[in-house]
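Engineer: Dropping the structure in here first, questions after.
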Amino acid sequence: MKAIILAAGMGTRLRPLTEDRPKSLVEVSGEAMTERQIRFLKEKGIHDITLVVGYKKEYFDYLVEKYGVKTVFNDKFDIYNNIYSMYLVRDILPESYVLEGDVYMNENIIDENVNRSTYFSSYKDNFQNEWKLVINDNHKLERIDICDGHGYIMCGVSYWAENEGKYIKNELDKLESIKDFENMYWDDIVRNNVNQLDIHIKALNENDLMEIDSISDLEKVEAFLEKNK
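Numbering-wise (the numbering used here), the sequence shown opens with residue 57 and increments by one.
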């Protein structure tokens with residue numbers, strides 16, 4: 057089992073914190089988000105970890121030295137969406153976890169025994185412009201809607217079994233136009249091909265995973281953690 061952490065972004069909405077560090081190395085309660093992810097993966101026996109880096113890539117060097125992770129450099133981090141980061145590591149997607157580097161893992165929800173493609177997801181109320189995972193009674197994914205409302209949403213952690221990983225890899229192989237990379241996220245590949253894939257969700261507690269996109273997000277998470285010490 058492997059893991060891919062997508063950590064190439066600039067994090068403009070987190071300025072000034074990201075003026076001197078990548079977004080995924082912003083600290084929450086004294087620990088960088090990506091370092092916490094790596095630590096949790098290793099706790100569950102997952103040691104083959106690849107970081108896709110871009111903005112201020114040299115800041116990740118200490119993680120290579122400390123944890124033995126690998127890095128892949130996305131030299132177009134300031135041009136394309138994260139589909140290009142996934143394109144660069146598409147060959148290792150089968151049987152891999154994929155983590156967005158800007159997700160704070162409040163709890164270690166990594167399942168070392170997972171054996172089918174899975175989105176790890178929390179149920180949220182009153183969200184706006186989120187990727188909603190529409191599921192059936194067996195928690196199998198039926199479609200992905202980008203919408204407002206309530207339900208299970210994409211939380212930035214997923215696992216891709218052999219079949220689905222290969223399918224997505226093959227779809228990424230087909231991308232040739234610059235516009236494909238400018239206008240798409242890698243999860244669009246999944247969204248556009250749900251009927252061809254066998255994907256389930258793992259229901260989490262509401263605050264197990266927390267995405268941090270802005271200073272206000274960070275302040276809310278810090279306040280929650282302080283209150284729930």
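Ideal Cβ placement from N, Cα and C applies to all residues, glycine included.
DSSP beta-bridge partners for T174?
Structural biologist: Y215, H256
Engineer: Less than 6 Å between C-beta atoms, sequence neighbours within five positions excluded: which residues of the same chain meet that for R77?
Structural biologist: Y115
Engineer: Out of curiosity, what's the CA-to-CA distance linking R172 and D181?
Structural biologist: 27 Å
Engineer: Alpha carbon to alpha carbon, how far is E275 from A88? Give it in angstroms, no decimals.
Structural biologist: 15 Å
Engineer: Check for me: the alpha helix (DSSP H) holding S272 runs from which residue to which?
Structural biologist: Unbroken alpha helix (DSSP H) run through S272: 271-283.
Engineer: Rounded to whole angstroms, what is the Cα-Cα separation between K122 and I245?
Structural biologist: 34 Å
Engineer: Could you please give me the residues that DSSP links to R199 through a beta bridge?
Structural biologist: V190
Engineer: Express the C-alpha separation of L62 and D147 in angstroms, rounding to a whole number.
Structural biologist: One alpha carbon belongs to D147, the other to L62, and they sit about 15 Å apart.
Engineer: Does the distance from the C-beta atom of I94 to that of Y153 stay below 9 Å?
Structural biologist: no
Engineer: Within 10 angstroms of its Cβ, does V120 collect 16 or more other Cβ (buried), or is it exposed?
Structural biologist: exposed
Engineer: Just the Cα atoms here: how many angstroms apart are I268 and E186?
Structural biologist: 14 Å
Engineer: Determine the contact status of D264 and I165, defining contact as a CB-CB distance below 9 Å.
Structural biologist: yes
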